[in-house]
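Q: -6 is the number of the first residue of the sequence shown in this note's numbering; add one for each residue after it. All residues carry an ideal CB built from backbone N, CA and C; glycine is no exception. All values reported here derive from a predicted model rather than from experimental measurement. Please read through the structure below; I'll follow up with questions.
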Amino acid sequence: QNQSKNCDSIIEEIRSLEKLSKIEYFEDSQHGNIGNLFLVKLMRAFLSLPYLKQIVVHLLHGDNYLDTEEEYPKNWSVEEITFKSWAPSFRFLNKVLDALPNIKKVEIFNDNDFKNLPVFLKNISGLKHLKSLNVAICVRYDKPFDAKRFGNFPEMICEINFPMKSEVV
């Protein structure tokens, strides 16, 4: 219960920072169910900030615990978002990006392979204001890269229609 009160006080403090233009969150440990709920509340708090332009999220744990049905409030001011993580959930990433209709720059650095990368890219290709998308998949030292999983990747990418002026890396 103390941990829950601490989480609530952090959320309230974030919401009080109305004039904030950039926020960076770093988490390097797993917190079980409290952590899952906290990160959902944290993202809701970030998206409630009216002047926020940039979000950077570092999640250094290797599970898909953010696979949530949570809908996030729209934030019309955020233009850049960066996720640096081990295996973020596509559902989580898509839900967050759906809440950012004016997003211009998306960076995703992942220390695990994306199982559904083409599906994810197809979902975000509808972002009307997207100017830059950078997705990096890094191989962890304890797992060899499986090129077979990405064998027809170039053909799949050609089928995805990003906005004309978007740079996709």
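Enumerate in chain order the residues of its own chain whose CB-to-CB distance from residue 156 is below 6 Å, with the five nearest sequence positions on each side excluded.
A: As a position in the sequence shown, residue 156 is number 163, starting the count at 1. These residues qualify, in order along the chain: 123.
Q: So what does DSSP say about residue 115, is it helix, strand or coil?
A: Residue 115 sits at position 122 when you count from the first residue of the sequence shown. Of the three classes helix, strand and coil, the one that applies to residue 115 here is helix, per DSSP.
Q: Mind checking who residue 88 pairs with in its DSSP beta bridge?
A: On the sequence shown, position 95 is the one that residue 88 refers to. Note: residue 88 sits in no beta bridge, so no partner.
Q: The beta strand (DSSP E) spanning residue 12 covers which residue range?
A: Position 19 of the sequence shown, counting from 1, holds the residue named residue 12. Careful: residue 12 lies outside any beta strand (DSSP E) and carries neither H nor E.
Q: Give the straight-line distance between the Cα atoms of residue 43 and residue 130, rounded to the nearest whole angstrom.
A: Taking the sequence shown and counting its residues from 1, one reaches residue 43 at position 50. Taking the sequence shown and counting its residues from 1, one reaches residue 130 at position 137. If I take the Cα positions, the gap works out to 32 Å.
Q: Leaving out five residues before and five after residue 92 in sequence, what residues of the same chain have Cβ atoms less than 7 Å from its Cβ?
A: Sequence index remark: in the sequence shown, residue 92 carries index 99 (1-based). Excluding positions up to five away in sequence, the list reads 40, 65, 66, 67 and 68.
Q: Consult DSSP for residue 100 and reduce its assignment to one of helix, strand or coil.
A: Position 107 of the sequence shown, counted from the first residue, corresponds to residue 100. Reduced to three states, the DSSP call for residue 100 is strand.
Q: Give the range of the beta strand (DSSP E) segment to which residue 51 is assigned.
A: Along the sequence shown, read from residue 1 onward, the residue named residue 51 stands at position 58. Counting along the chain, the beta strand (DSSP E) containing residue 51 begins and ends at 47 to 52.
Q: Excluding the 5 residues preceding and the 5 following residue 17 in the sequence, name in chain order all residues of the same chain whose CB lies nearer than 6 Å to its CB.
A: Translated into the one-based positions of the sequence shown, residue 17 becomes position 24. Once the five neighbours on either side are set aside, the close Cβ partners of residue 17 are 49.
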